[in-house]
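Peer 1: Protein chains in written order, with the numbering used here: chain A, 86 to 365; chain B, 86 to 365.
Using N, Cα and C, we set each Cβ at its ideal position, and we do this for glycine too.
Note that the coordinates shown come from a computational prediction; the quantities given were computed from them, not determined experimentally.
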């Protein structure tokens with residue numbers, strides 16, 4: 086199948102790598118607003134050739150939009166304006182607004198809204214790697230608004246990436262994403278800021294980081310241009326969960342102020358239940 | 086060298102494994118207040134034999150106390166009461182109170198206060214593993230209060246575990262540990278509590294956890310009986326950094342409430358500097 090990928094960063098580049106390697110893609114056209122990203126992706130052999138956006142849309146059977154959520158919001162209607170039989174999917178971390186934006190577009194049925202739940206804290210075509218999606222979940226949103234045949238194509242694409250497909254509304258996706266993914270990033274960014282402020286000597290951070298800090302702060306390396314719009318576009322859900330998070334921290338604070346050993350043990354033991362949810 | 090290990094959990098068991106494997110220990114005696122831990126450690130071959138505490142102290146050249154901080158605080162003076170030429174070291178995560186507790190003990194010079202900065206979220210002799218300490222840092226505290234020859238023995242022991250040794254006061258250790266290690270654990274426990282409260286369906290947590298949540302919440306599986314006393318014993322430092330952390334989160338909250346994209350990008354970009362501190 087002829088694939089066109091708009092956005093040749095970590096996600097677009099990793100998709101390209103495995104779709105080609107595993108025989109799903111016969112040819113991959115690529116486009117990226119950043120000349121550096123585009124030329125790097127070509128040089129690394131992630132794609133077969135670079136094209137203009139118009140040419141990519143015209144010549145691809147499946148168009149994958151692998152750009153940040155706010156860019157997807159802007160570009161998706163224009164892409165849909167130009168398609169006839171082509172299938173279009175996106176991979177953005179916010180889903181409700183994207184689905185709402187094109188709900189009444191005449192070519193809505195050609196579009197499949199998806200969110201593959203995978204990634205690393207790195208970005209750009211340099212970070213692309215094979216196997217990034219293996220065994221993870223991809224969420225299909227508002228699938229009833231997509232054409233059956235288009236859904237099938239995108240489903241096959243994700244099967245090729247070894248992903249489990251789950252279905253939910255765009256609205257529910259955004260609620261769950263705030264709870265499980267977005268709050269983790271805020272927690273990690275704030276932790277990095279705290280430690281950088283308190284620990285003026287970076288050598289100490291490095292030396293002591295193996296005490297657990299390194300894993301908790303991993304996400305704080307994530308890209309600002311990607312995450313600022315996610316928090317804004319999913320603000321209501323993110324604020325709800327952020328308030329609960331700050332409440333939890335204040336409970337720890339009170340317990341420590343009171344040297345309340347039983348209270349701390351109770352809260353930590355309750356937190357330990359996360360093991361069961363992660364099935365470890 | 087004849088080694089005695091008091092406390093046969095993750096840390097004591099992992100030390101035993103590598104000291105034997107790498108030829109540092111000629112014989113390892115073990116003791117644990119939990120019969121289950123003690124017998125498991127013996128069955129797994131982590132130690133050569135189980136003994137009473139008194140016998141372990143009498144027959145060992147180097148005694149390693151690998152028990153939680155509050156237990157170390159209670160037991161260390163009693164162990165020191167019984168030593169003559171034996172070297173004693175501890176591995177607890179709190180150091181200032183431990184050093185203060187035995188500062189004027191007649192056998193203080195036989196004691197070396199250390200904190201190997203390594204671990205996992207698992208506990209017990211089942212979690213013991215070779216290589217746990219490789220490449221990590223071990224902090225020696227108030228080393229000027231220890232005998233030179235004793236310091237040398239403990240230094241050699243940590244070299245055998247492939248650890249870099251750093252020196253600082255017990256007071257400074259506790260400040261830095263609060264900034265880099267203790268706050269990470271609180272952040273992670275509170276995150277687990279938040280998500281467990283908000284996300285009633287554990288299946289969703291599992292499906293969506295690859296969005297970054299899994300790494301941020303890893304530490305939330307850590308043992309309550311170990312961590313509650315650490316927070317209490319290091320309360321002043323932990324509260325200072327916890328307040329800064331809550332302030333940072335409130336700044337994110339305000340920025341999101343105002344849909345302040347520039348403010349968010351600024352904060353996240355600042356947080357990204359943690360990459361440099363971690364040298365990645």
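Taking 8 Å as the cut-off, decide whether the C-beta atoms of residue 274 of chain A and residue 362 of chain B are in contact.
Peer 2: No. Outside cutoff.
Peer 1: Put residue 256 of chain B into one of helix, strand or coil per three-state DSSP.
Peer 2: Three-state DSSP puts residue 256 of chain B in a helix.
Peer 1: Tell me which residue opens and which closes the beta strand (DSSP E) that residue 301 of chain A is part of.
Peer 2: That residue, residue 301 of chain A, is in no beta strand (DSSP E); its alpha helix (DSSP H) goes 298–301.
Peer 1: If you draw a straight line from the C-alpha of residue 322 of chain A to the C-alpha of residue 303 of chain B, how long is it?
Peer 2: If I take the Cα positions, the gap works out to 23 Å.
Peer 1: Hey, could you find the ends of the alpha helix (DSSP H) residue 120 of chain A is sitting in?
Peer 2: Taken as a continuous stretch (DSSP letters only), the alpha helix (DSSP H) holding residue 120 of chain A covers 120–128.
Peer 1: Give the single residue among B:223, B:147, B:335 whose Cα lies nearest to the Cα of residue 258 of chain B.
Peer 2: Cα-wise, what sits closest to residue 258 of chain B is B:223.
Peer 1: Using a cut-off of 8 Å between C-beta atoms, extract the partners of residue 330 of chain B located in chain A.
Peer 2: Those within 8 Å of residue 330 of chain B in chain A are 275, 276, 279, 334.
Peer 1: Taking only beta-carbon atoms, is residue 264 of chain B less than 8 Å away from chain A?
Peer 2: Output row for residue 264 of chain B: interface = yes.
Peer 1: Quick one: Cα of residue 285 of chain B to Cα of residue 339 of chain A, how far?
Peer 2: If you take the alpha carbons of residue 285 of chain B and residue 339 of chain A, they lie about 25 Å apart.
Peer 1: Between which two residues does the alpha helix (DSSP H) carrying residue 179 of chain A extend?
Peer 2: Note, residue 179 of chain A: premise wrong, no alpha helix (DSSP H); not H, not E.
Peer 1: Tell me the rounded alpha-carbon separation between residue 151 of chain B and residue 269 of chain B.
Peer 2: Rounded to whole angstroms, residue 151 of chain B to residue 269 of chain B spans 22 Å at the Cα level.
Peer 1: Given that residue 283 of chain B touches chain A, what residues does it touch there, using C-beta distances under 7 Å?
Peer 2: Neighbours of residue 283 of chain B on chain A, chain order: 264, 326, 329.
Peer 1: Suppose you measure from the CA of residue 133 of chain B to the CA of residue 205 of chain B; what does that come to, to the nearest Å?
Peer 2: Computed Cα separation, rounded: 25 Å.
Peer 1: For the segment 88–105 of chain B against the segment 150–167 of chain B, do three or more pairs of beta-carbon atoms, one drawn from each stretch, fall closer than 8 Å, so that the two count as touching?
Peer 2: Short answer: they touch.
Peer 1: Could you check the C-alpha separation between residue 166 of chain A and residue 255 of chain A for me, to the nearest Å?
Peer 2: Going from the Cα of residue 166 of chain A to the Cα of residue 255 of chain A covers about 22 Å.
Peer 1: By Cβ distance, which residues of its chain are closer than 7 Å to residue 122 of chain A, with the 5 residues on each side in sequence left out?
Peer 2: Around residue 122 of chain A: 93, 94, 209, 210.
Peer 1: What residue range does the beta strand (DSSP E) around residue 173 of chain A cover?
Peer 2: Here the beta strand (DSSP E) through residue 173 of chain A covers 172–175.
Peer 1: For residue 289 of chain A, which residues from the same chain have a beta carbon less than 6 Å from its beta carbon, with the 5 sequence-adjacent residues on both sides left out?
Peer 2: So the list is empty, once near-sequence residues are dropped.
Peer 1: Assign residue 101 of chain B to one of two classes, buried (16 or more other C-beta atoms within 10 Å of its C-beta) or exposed (fewer than that).
Peer 2: Its Cβ being crowded by 16 or more others within 10 Å, residue 101 of chain B is buried.
Peer 1: Classify residue 201 of chain B: buried if its beta carbon has 16 or more other beta carbons within 10 angstroms, exposed otherwise.
Peer 2: It counts as buried.
Peer 1: Taking a contact to mean a Cβ-Cβ separation below 8 Å, would you say residue 158 of chain B touches residue 195 of chain B in this structure?
Peer 2: Contact flag unset, no.
Peer 1: Looking at the unbroken beta strand (DSSP E) that takes in residue 197 of chain B, where does it start and where does it end?
Peer 2: Element bounds for residue 197 of chain B: 196–201.
Peer 1: Along chain A, in chain order, which residues have C-beta atoms closer than 8 Å to that of residue 186 of chain B?
Peer 2: Neighbours of residue 186 of chain B on chain A: none; closest Cβ ~17 Å, over 8 Å.
Peer 1: What does residue 338 of chain B touch in chain A if you count any residue whose Cβ is under 8 Å from its own?
Peer 2: Going along chain A in sequence order, the residues near residue 338 of chain B (Cβ under 8 Å) are 324, 327, 328, 331.
Peer 1: Report the neighbours of residue 357 of chain B on chain A: residues whose CB is nearer than 9 Å to its CB, in chain order.
Peer 2: By Cβ distance, chain A contributes 274, 277, 305, 306, 307, 308, 309.
Peer 1: Taking the alpha-carbon positions, what's the residue 349 of chain B to residue 146 of chain A distance?
Peer 2: Cα to Cα, the separation comes out at about 37 Å.
Peer 1: Quick one: Cα of residue 168 of chain A to Cα of residue 316 of chain A, how far?
Peer 2: Near 31 Å, if we compare the C-alpha coordinates of residue 316 of chain A and residue 168 of chain A.
Peer 1: Just grab the DSSP bridge partners of residue 148 of chain A for me.
Peer 2: A:89, A:173, per the DSSP bridge assignment.
Peer 1: Could you tell me which chain B residues have their CB closer than 7 Å to the CB of residue 199 of chain A, listed as they occur along the chain?
Peer 2: Going along chain B, no residue has its Cβ under 7 Å from residue 199 of chain A, so there is no contact; the nearest lies around 14 Å.
Peer 1: Is it buried or exposed for residue 171 of chain B, if we count other Cβ within 10 angstroms and need 16 for buried?
Peer 2: Buried, since its Cβ has 16 or more Cβ neighbours within 10 Å.
Peer 1: Would residue 354 of chain B and residue 305 of chain A be called neighbours here (beta carbons separated by less than 8 Å)?
Peer 2: Their beta carbons are not under 8 Å apart, which means residue 354 of chain B does not touch residue 305 of chain A by this criterion.
Peer 1: State the beta-bridge partners of residue 112 of chain B as determined by DSSP.
Peer 2: Answer by DSSP bridge pairing, in chain order: B:87.
Peer 1: Taking residue 164 of chain B as the reference, which of B:131, B:186, B:245, B:180 has the closest Cα?
Peer 2: Comparing Cα-Cα distances from residue 164 of chain B to each of B:131, B:186, B:245, B:180, the minimum goes to B:186.
Peer 1: Quick one: list the residues of chain A neighbouring residue 100 of chain B, beta-carbon separation under 8 Å, in chain order.
Peer 2: Ordered by position in chain A, no residue passes the 8 Å Cβ test against residue 100 of chain B, which lies about 16 Å from the chain.
Peer 1: Tell me, which residues are paired with residue 350 of chain A by DSSP?
Peer 2: Per DSSP, none; premise fails for residue 350 of chain A.
Peer 1: Looking at chain A, is there any beta carbon in it that lies within less than 8 Å of the beta carbon of residue 317 of chain B?
Peer 2: Answer yes: the Cβ-Cβ gap between residue 317 of chain B and chain A drops below 8 Å somewhere.
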